[in-house]
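Student: Numbering (the working numbering), first residue to last: 123 to 562.
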Ligand code: NAD
Ligand code: ADE
């Protein structure tokens, strides 16, 4: 894929599918703003003082309407922003077009430190990573000087996802983390909202847009009962499915049981269930030998991190298997021995962003307000030594502020503690704030 970019009349570079969709994108962005009170109040509170003046922020995250509101909040606060989608199916072309036209560079580039060595684009990494490497390689071939050293300038990173923060903690542990990082995922107002309520909303949206199958009465297997699994299991139950959970963690397994959901292994249910969903952030959960045993037209999908929760490679290379594309992101794979087919959604990538439009604006406002606070903190404290090359979480008062900013929109009124009540329940906290185990 060659890296050809276009320019707006004001000189801003972009690479989007169709810039003429900007008008439609702008209309949807304006609707989303009303549903994103956290981000909009950041604009009101911080906009006048331009705290990001001089900051260049680059993001890799699904290029949706909601992300557009995040980007324009960052630019309203004074940042220069460039953006690159993180998933080949989640980009909303109209949102990308509006952002490219009005607010930020939208493309994938500028990351690779010049080492004289071109990246290997054929390794075992996932497809998104290989795509970025391919773009970098093409860019270097066109102009070997285009990637400046960014290490000196890099202030820090804020990370959105459960799996992403795991990678950062792994890097911290093995000494390869080169920058301070803020773990946005483990803010309560992110993980317990986006992962749980967001998926509870957007999973059934994806299933319904992709297939004509009624959920009521079906047997649905949810692999993983963390926050995403809990949200998805709740949605499937509400739609009338009989849900079964698979887990490796005894606490999450017990939670599923207390919620009235059987916990079994995939092997126990593989030939009986109608819908299979992975939510683990782990790999190799549903393998091709499982898929072969499934009922005709069983639905197989993933809402976890990557397309490696489902063994897509094993499926694609299975001798004699036939792929019938019903429509984009809905494929029927037929096994030669039985002539039975399974329906795989979004090619094993995120169903909610591949087959639908992801989480709704309100819940993304919670996640993204945490992102703005994290970026503000990193930028404000640059050069002060406050943040080392470690992973941090935001303090509790900011987590509470994110929640507070979203209460009014839903008509809530918070009760105020009396001083006596405050003293009665307060406990001394020593040292820096540590979040409890939010996983459960
Ligand atoms: P989590 O850690 O709370 O939950 C994952 C669960 O999977 C854990 O309970 C774990 O014990 C279980 N698990 C791990 N390996 C397993 C296996 N082999 N079999 C069965 N269960 C297993 O994480 P989470 O916050 O629920 O996030 C899960 C994934 O979803 C992550 O990859 C995250 O990045 C992603 N995510 C996606 C979206 C989206 O919009 N699609 C939103 C939020 C998070
Ligand atoms: N993750 C889940 N839903 C999303 C959305 N609507 N925009 C960006 N990232 C998301």
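Heads up, the beta-carbon is just placed ideally off N, CA and C, and yes, glycines get one too.
Computed from a predicted model, the values in this text were never measured in an experiment.
According to DSSP, residue 180 sits in a beta bridge with which residue or residues?
Tutor: Within the chain shown, the letter at position 58 stands for residue 180. Answer by DSSP bridge pairing, in chain order: 204.
Student: Could you give the C-beta distance for residue 290 and residue 299, rounded to a whole number, given that I count them as a contact under 8 Å?
Tutor: Taking the first residue of the chain shown as 1, we reach residue 290 at position 168. Taking the first residue of the chain shown as 1, we reach residue 299 at position 177. Yes, residue 290 and residue 299 are in contact; Cβ-Cβ is about 7 Å, under 8 Å.
Student: Using the Cα positions of residue 232 and residue 204, report the straight-line distance between them to the nearest angstrom.
Tutor: As a position in the chain shown, residue 232 is number 110, starting the count at 1. As a position in the chain shown, residue 204 is number 82, starting the count at 1. Confidence in residue 232 is poor, its pLDDT being 35 and thus under 50, which makes the residue's placement too unreliable to answer from.
Student: Would DSSP call residue 256 helix, strand or coil?
Tutor: For this step, residue 256 is matched to residue 134 along the chain shown. Note: residue 256 maps to helix in three-state DSSP.
Student: Which partner residues of residue 320 appear in the DSSP bridge assignment?
Tutor: Within the chain shown, numbered from 1, the residue matching residue 320 stands at position 198. DSSP, once it has assigned bridges, lists no residue as partnering residue 320.
Student: Just how far apart, CA to CA, sit residue 367 and residue 331?
Tutor: Residue mapping note: residue 367 aligns to position 245 of the chain shown, counting from 1. Residue mapping note: residue 331 aligns to position 209 of the chain shown, counting from 1. If you take the alpha carbons of residue 367 and residue 331, they lie about 24 Å apart.
Student: Going straight from the alpha carbon of residue 229 to that of residue 127, what length do you get?
Tutor: On the chain shown, position 107 is the one that residue 229 refers to. On the chain shown, position 5 is the one that residue 127 refers to. With a pLDDT of 47 at residue 229, under the threshold of 50, the predicted position of this residue should be treated as unreliable, though the coordinate-derived value follows. Distance between the alpha carbons of residue 229 and residue 127: 8 Å.
Student: Can you tell me where the beta strand (DSSP E) with residue 499 in it begins and where it stops?
Tutor: As a first step, residue 499 is located in the chain shown; it is residue number 377 there, counting from the start. Careful: residue 499 lies outside any beta strand (DSSP E), inside the alpha helix (DSSP H) at 483-502.
Student: Given 7 Å as the limit, tell me if residue 519 has its C-beta closer than that to any heavy atom belonging to ligand 2.
Tutor: Position 397 of the chain shown, counted from the first residue, corresponds to residue 519. The answer is no for residue 519.
Student: Assuming residue 220 contacts residue 177 (C-beta within less than 8 Å), just tell me the rounded distance between them.
Tutor: Here residue 220 refers to the residue found at position 98 when the chain shown is read from its first residue. Here residue 177 refers to the residue found at position 55 when the chain shown is read from its first residue. In fact, because the Cβ distance is near 22 Å, the residues do not count as touching under 8 Å.
Student: Is it true that the CB of residue 335 sits closer than 8 Å to the CB of residue 358?
Tutor: Counting from 1 along the chain shown, the entry for residue 358 is found at position 236. Counting from 1 along the chain shown, the entry for residue 335 is found at position 213. No. Outside cutoff.
Student: Under the rule that 16 or more other beta-carbon atoms within 10 Å means buried, what is residue 419, buried or exposed?
Tutor: Taking the first residue of the chain shown as position 1, residue 419 is located at position 297. Residue 419 comes out exposed.
Student: If residue 543 sits next to residue 282, beta carbons under 8 Å apart, how far is it from one beta carbon to the other, in whole angstroms?
Tutor: Residue mapping note: residue 543 aligns to position 421 of the chain shown, counting from 1. Residue mapping note: residue 282 aligns to position 160 of the chain shown, counting from 1. Not a contact, Cβ separation roughly 36 Å.
Student: Between 277, 225, 150, which has its C-alpha nearest residue 506's C-alpha?
Tutor: Here residue 506 refers to the residue found at position 384 of the chain shown. Of the candidates 277, 225, 150, the one whose C-alpha sits nearest the C-alpha of residue 506 is 277.
Student: Taking 8 Å as the threshold (C-beta atoms), are residue 464 and residue 416 in contact?
Tutor: Here residue 416 refers to the residue found at position 294 of the chain shown. Here residue 464 refers to the residue found at position 342 of the chain shown. Contact: yes.
Student: Tell me, to the nearest whole angstrom, how far the beta carbon of residue 163 is from that of residue 527; I am working on the premise that it is less than 8 Å.
Tutor: What you label residue 163 is simply residue 41 of the chain shown in a count that begins at 1. What you label residue 527 is simply residue 405 of the chain shown in a count that begins at 1. The Cβ separation is near 5 Å, so the contact holds.
Student: What do you get for residue 165, buried or exposed, if any count of 16 or more other CB atoms within 10 angstroms of its CB means buried?
Tutor: Residue 165 sits at position 43 when you count from the first residue of the chain shown. Residue 165 is buried by the Cβ-count criterion.
Student: Do you know how far the Cα of residue 146 is from the Cα of residue 326?
Tutor: In the chain shown, residue 326 corresponds to position 204, counting from 1. In the chain shown, residue 146 corresponds to position 24, counting from 1. Answer to the nearest angstrom: the Cα atoms are 25 Å apart.
Student: Confirm, please, whether the CB-CB distance from residue 488 to residue 524 is below 8 Å.
Tutor: Translated into the one-based positions of the chain shown, residue 524 becomes position 402. Translated into the one-based positions of the chain shown, residue 488 becomes position 366. Result yes, Cβ atoms of residue 524 and residue 488 sit closer than 8 Å.
Student: How would you label residue 460, buried or exposed, when you count the other beta carbons within 10 angstroms and need 16 or more for buried?
Tutor: Sequence index remark: in the chain shown, residue 460 carries index 338 (1-based). Per the 10 Å Cβ criterion, exposed.
Student: Would you mind working out which of 197, 200, 404, 210 sits nearest residue 138, comparing C-alpha positions?
Tutor: Looking up residue 138 in the chain shown gives position 16. Residue 210 is the option with its Cα nearest to residue 138.
Student: Could you check the C-alpha separation between residue 197 and residue 148 for me, to the nearest Å?
Tutor: Taking the chain shown and counting its residues from 1, the one referred to as residue 197 is at position 75. Taking the chain shown and counting its residues from 1, the one referred to as residue 148 is at position 26. Rounded to whole angstroms, residue 197 to residue 148 spans 16 Å at the Cα level.
Student: Output yes or no for whether 8 Å exceeds the beta carbon distance between residue 370 and residue 425.
Tutor: Numbered from its first residue, the chain shown carries residue 370 at position 248. Numbered from its first residue, the chain shown carries residue 425 at position 303. Contact flag unset, no.
Student: Pull up the distance between the alpha-carbon of residue 498 and that of residue 175, whole angstroms please.
Tutor: Within the chain shown, the letter at position 376 stands for residue 498. Within the chain shown, the letter at position 53 stands for residue 175. Spanning the two alpha carbons is a distance of roughly 11 Å.
Student: Considering residue 221, what are the terminal residues of the beta strand (DSSP E) in which it resides?
Tutor: In the chain shown, counting from the first residue as 1, residue 221 sits at position 99. Looking at the DSSP string, residue 221 is not in any beta strand (DSSP E); the run it does join, the alpha helix (DSSP H), is 215-224.
Student: For the region 374-426, which segments carrying the beta strand (DSSP E) assignment without a break, of at least 3 residues, lie completely within its bounds, in sequence order?
Tutor: 397-400, 420-424, all fully within the region 374-426.
Student: Using only CA atoms, which one of 184, 195, 226 lies nearest to residue 207?
Tutor: The sequence position of residue 207 within the chain shown is 85, counting from 1. Per the Cα distances, 184.
Student: Mind listing, in chain order, the continuous alpha helix (DSSP H) runs of no fewer than 4 residues lying wholly within the region 285-373?
Tutor: You should have 321-332, 349-360.
Student: With DSSP as the reference, please indicate the residues paired to residue 512 in a beta bridge.
Tutor: If you number the chain shown from 1, residue 512 lands on position 390. The partner list for residue 512 (beta bridge, DSSP) is empty, contrary to what the question assumes.
Student: Just how far apart, CA to CA, sit residue 504 and residue 275?
Tutor: By one-based count along the chain shown, residue 504 stands at place 382. By one-based count along the chain shown, residue 275 stands at place 153. Taking the straight line joining both Cα atoms gives about 10 Å.
Student: Just to confirm my understanding: we take residue 376, look at its own chain, exclude 5 residues before and 5 after, and list those with CB closer than 7 Å. What are they?
Tutor: In the chain shown, residue 376 corresponds to position 254, counting from 1. The answer is none, since no qualifying residue turns up.
Student: Taking 8 Å as the threshold (C-beta atoms), are residue 407 and residue 432 in contact?
Tutor: Here residue 432 is taken as the residue at index 310 of the chain shown, counted from 1. Here residue 407 is taken as the residue at index 285 of the chain shown, counted from 1. Yes, the Cβ-Cβ distance between residue 432 and residue 407 is below 8 Å.
Student: Which residues in the same chain as residue 441 place their Cβ atom closer than 8 Å to its Cβ, once the five residues preceding and following it in sequence are excluded?
Tutor: In the chain shown, residue 441 corresponds to position 319, counting from 1. Here the set comprises 458.
Student: In its own chain, which residues sit with a C-beta less than 8 Å from the C-beta of residue 490, not counting the 5 before and 5 after it?
Tutor: Here residue 490 corresponds to residue number 368 of the chain shown, with the count starting at 1. Same-chain partners within the cutoff: 158, 160, 161, 188, 189, 191, 192, 195.
Student: Would the beta-carbon of residue 346 fall within 8 Å of that of residue 387?
Tutor: Within the chain shown, the letter at position 224 stands for residue 346. Within the chain shown, the letter at position 265 stands for residue 387. Not closer than 8 Å, so no.
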